[in-house]
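One structure is given below, encoded as structure tokens.
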Amino acid sequence: MAKYIINTEHKKSKINKEIYGHFSEHLGRCIYEGLYVGENSDIPNTNGMRNDVVEALREMRIPVLRWPGGCFADEYHWRDGIGPKENRKKMINTHWGGVVEDNSFGTHEFMELCRQLGCETYINGNVGSGTVQEMSEWVEYMTFNGVSPMASMRAENGHKDAWKVDFFGVGNENWGCGGNMTPEFYGDMYRRYQTYVRQYSDDPEKQIKKIACGANVADTEWTEGVMKTCFRHCEPKFHGFMDGLSLHYYVHPEGWEIKGSATEFDEKVWYKTLAKALYMEDLINMHGTIMDKYDPEKKVAMIVDEWGTWFTVEPGTHPGFLYQQNTMRDALVAGLTLNIFNKHSDRVKMANIAQLVNVLQSVILTEGPKMLKTPTWHIFNMYKYHQDATLLDSYIETETIGEEEEYMVPNLTESASVDADGKLQITITNLSATDSYPVETMITGRKAEKFSAEILCEEMHAKNTFDEPDAVHTKNFDGVEKIHGGLKFTIPACSVLHITVE
Ligand code: AHR
Numbered sequence: 249m250a251k252y253i254i255n256t257e258h259k260k261s262k263i264n265k266e267i268y269g270h271f272s273e274h275l276g277r278c279i280y281e282g283l284y285v286g287e288n289s290d291i292p293n294t295n296g297m298r299n300d301v302v303e304a305l306r307e308m309r310i311p312v313l314r315w316p317g318g319c320f321a322d323e324y325h326w327r328d329g330i331g332p333k334e335n336r337k338k339m340i341n342t343h344w345g346g347v348v349e350d351n352s353f354g355t356h357e358f359m360e361l362c363r364q365l366g367c368e369t370y371i372n373g374n375v376g377s378g379t380v381q382e383m384s385e386w387v388e389y390m391t392f393n394g395v396s397p398m399a400s401m402r403a404e405n406g407h408k409d410a411w412k413v414d415f416f417g418v419g420n421e422n423w424g425c426g427g428n429m430t431p432e433f434y435g436d437m438y439r440r441y442q443t444y445v446r447q448y449s450d451d452p453e454k455q456i457k458k459i460a461c462g463a464n465v466a467d468t469e470w471t472e473g474v475m476k477t478c479f480r481h482c483e484p485k486f487h488g489f490m491d492g493l494s495l496h497y498y499v500h501p502e503g504w505e506i507k508g509s510a511t512e513f514d515e516k517v518w519y520k521t522l523a524k525a526l527y528m529e530d531l532i533n534m535h536g537t538i539m540d541k542y543d544p545e546k547k548v549a550m551i552v553d554e555w556g557t558w559f560t561v562e563p564g565t566h567p568g569f570l571y572q573q574n575t576m577r578d579a580l581v582a583g584l585t586l587n588i589f590n591k592h593s594d595r596v597k598m599a600n601i602a603q604l605v606n607v608l609q610s611v612i613l614t615e616g617p618k619m620l621k622t623p624t625w626h627i628f629n630m631y632k633y634h635q636d637a638t639l640l641d642s643y644i645e646t647e648t649i650g651e652e653e654e655y656m657v658p659n660l661t662e663s664a665s666v667d668a669d670g671k672l673q674i675t676i677t678n679l680s681a682t683d684s685y686p687v688e689t690m691i692t693g694r695k696a697e698k699f700s701a702e703i704l705c706e707e708m709h710a711k712n713t714f715d716e717p718d719a720v721h722t723k724n725f726d727g728v729e730k731i732h733g734g735l736k737f738t739i740p741a742c743s744v745l746h747i748t749v750e
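So for the sequence shown, the working numbering puts the first residue at 249; every next one is plus one.
Written as structure tokens, this is what we have:
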């Protein structure tokens with residue numbers, strides 16, 4: 249019997265809702281087809297945005313959306329995507345398949361999408377191939393509410409009022425596709441570019457939070473170099489200078505070159521994938537320790553703005569479109585990673601799984617007019633109750649399981665929070681492909697009289713398809729029993745459990 253302790257009297261950090269954030273790039277069928285079909289499409293839409301997709305994303309409470317990339321961001325010139333659509337420049341999407349990008353989805357469309365989703369906006373600017381002036385004018389175009397050339401241009405293009413840009417990324421992966429820079433060179437570029445990302449409002453609620461490009465996986469030299477360069481020879485005034493530093497980490501079970509199938513895998517690969525996903529915690533600790541040196545008060549947020557599984561593309565699909573299916577393995581990766589983010593919510597303030605629709609670990613897949621919610625969608629839907637809740641101190645006893653010495657994992661992961669209504673929200677993953685585990689939960693500081701539970705539990709390869717779009721879905725779980733001081737239950741193999749205690 250695994251002991252699980254939740255101390256409701258020891259409240260920890262706020263779990264920012266943005267930890268449940270998403271990412272959408274001009275890549276494959278994410279923007280075009282997945283989100284945006286245009287006003288004249290037969291697919292039901294509002295101002296060009298697919299109604300079915302918007303509804304599904306609202307249901308799981310998407311809190312923030314990052315756009316337009318990714319690697320695409322450092323080649324994106326925002327002026328190409330404004331004004332009458334027939335006049336918009338057609339260009340090659342060099343990163344992603346060499347296909348024609350007609351720029352019919354640009355700034356106005358992104359802002360309209362976020363309006364319909366009811367989510368915050370995270371715009372990623374172009375440092376790699378764009379100028380300081382271009383970036384500065386984009387910010388002016390989007391956020392300045394007064395008399396200025398950019399504000400007039402916005403009004404001429406149909407939007408008189410400024411929009412709110414909640415987060416602004418100053419470049420993307422500038423150690424690679426965003427310009428192949430050294431950390432010191434990027435640090436200097438960051439200092440310069442961010443200076444002209446102006447705050448046009450005095451309202452503290454309308455300040456743009458600026459995010460610097462952080463490391464790839466375990467590249468601590470990048471983190472050290474950027475932090476050192478950015479905080480050298482200037483007062484460390486974090487807010488309005490650097491509000492966040494990003495981190496990118498993808499799980500490729502068989503490594504970057506081979507990656508591995510999204511749907512065909514054995515138990516060895518199952519554990520290998522989960523072990524690699526658990527590495528996220530080491531990365532947070534590793535980069536967090538360096539950030540602590542320069543920012544001991546943790547004023548600079550860690551922003552994991554690209555994470556998730558990255559498998560070999562589905563057979564027969566365009567290799568540059570990164571379309572992959574999504575199984576219970578993805579659900580477990582999402583569940584354990586979100587538990588890690590919750591537990592590190594003192595430093596991790598935003599995370600954006602890659603990517604929203606039809607690319608990598610998506611929550612939604614589409615095929616023509618058809619749409620399905622993936623197992624990963626169900627995890628975000630179950631975990632949404634943690635958004636803006638307060639993390640509680642908790643500990644679960646675990647056993648180490650797996651098939652290969654190098655890729656052993658704990659059988660269980662968890663996190664617990666208390667939400668604004670005082671409800672206790674508990675999420676637990678069982679990473680075993682075969683075994684269930686009895687768990688005895690001791691809840692200190694409150695009674696567990698009234699509770700409910702839902703579970704996502706299927707065989708490890710289970711997935712939703714366009715023929716069977718609801719094969720994997722959450723179900724009520726009636727296996728939770730009250731015991732003295734808490735609850736007990738047996739968590740089935742390959743499952744994610746969400747318990748609410750009122
Ligand atoms: O998400 C796909 C790509 O992965 C992004 O464009 C890039 O930032 C990362 O390498």
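Cβ coordinates follow ideal geometry from the N, Cα and C atoms, glycine included.
Here the structure is a predicted model, which means the values were calculated and not measured.
8 Å Cβ cutoff met for residue i and residue j
i: T624; j: D578; result: yes
i: L620; j: P686; result: no
i: L672; j: V749; result: yes
i: T430; j: I538; result: no
i: H626; j: V728; result: no
i: R599; j: G366; result: Note that residue 599 is Ala in the sequence shown, not Arg. Contact flag unset, no.
i: D350; j: K338; result: yes
i: E515; j: E653; result: no
i: S272; j: L570; result: no
i: Y252; j: T689; result: yes
i: I459; j: V418; result: yes
i: Q572; j: A668; result: no
i: L608; j: T557; result: yes
i: M383; j: M576; result: no
i: L584; j: C742; result: no
i: P316; j: N372; result: yes
i: G473; j: E432; result: yes
i: H566; j: G276; result: yes
i: M308; j: F628; result: yes
i: N587; j: T638; result: no
Enclosing beta strand (DSSP E) for residue i [first to last residue]
i: M619; result: 618–621
i: N372; result: 368–373
i: R314; result: 312–315
i: W555; result: 549–557
i: Y643; result: 638–644
i: H496; result: 492–499
i: K457; result: 457–464
i: K678; result: According to the sequence shown, residue 678 is Asn rather than Lys. First-last of the beta strand (DSSP E) with N678: 672–678.
i: T565; result: Premise fails: T565 is in no beta strand (DSSP E) and is neither H nor E.
i: N420; result: Here N420 belongs to no beta strand (DSSP E), and DSSP marks it neither H nor E.
i: S743; result: 743–749
Alpha helix (DSSP H) segment containing residue i, residue limits
i: R577; result: 576–591
i: K476; result: 468–478
i: L305; result: 299–307
i: V517; result: 515–542
i: F714; result: Element bounds for F714: n/a, residue is neither H nor E.
i: V433; result: Per the sequence shown, residue 433 should be read as Phe rather than Val. Start and end: 431–443.
i: E505; result: 503–506
Candidates the options: closest to residue i by CA position
i: N374; options: V395, T355, M398, Y324; result: Y324
i: S680; options: Y542, G406, V517, L586; result: V517
i: P740; options: G427, K723, S449, V666; result: K723
i: H592; options: Y519, E562, P452, D641; result: D641
i: V380; options: A410, Y444, L526; result: Y444
i: R298; options: L704, P332, E357, G329; result: E357
i: K546; options: A668, E273, V552, G536; result: G536
i: D703; options: F725, F320, N629, Y441; result: Strictly speaking, residue 703 in this sequence is Ile, with Asp absent from that position. Considering only alpha carbons, the answer is F725.
i: P563; options: E512, G329, H274, S494; result: E512
i: K457; options: F415, Y441, A463; result: F415
i: M390; options: C362, V548, T355, E421; result: T355
i: N659; options: T738, G568, V348; result: T738
i: A602; options: V561, E645, E554, V596; result: E554
i: G492; options: A582, Y370, Y519; result: Y370
i: R363; options: W411, A403, G394; result: W411
i: K476; options: K262, E453, Y434; result: Y434
i: C278; options: R336, G331, F353; result: F353
Presumed contact (8 Å Cβ cut-off) between residue i and residue j, rounded CB distance
i: D715; j: K265; result: That belief does not hold up - the Cβ atoms of D715 and K265 are roughly 34 Å apart, past 8 Å.
i: E360; j: V312; result: Contact doesn't hold; Cβ gap of about 16 Å is too wide.
i: T622; j: N574; result: 4 Å
i: L522; j: V657; result: 5 Å
i: G376; j: G427; result: 4 Å
Kindly provide the ranges of any beta strand (DSSP E) runs that are 3 or more residues long and lie completely inside the segment 256–289, ordered along the chain.
As far as the segment 256–289 is concerned, its whole beta strand (DSSP E) runs of at least 3 residues are 269–271.
What runs of the beta strand (DSSP E), each 3 residues or longer, lie entirely inside the segment 339–396?
Whole beta strand (DSSP E) segments, 3+ residues: 339–341, 347–349, 368–373.
Going residue by residue through the segment 683–710, where are the continuous beta strand (DSSP E) segments of at least 3 residues, counting only ones entirely within it?
Listed in chain order, they are 685–692, 699–705.
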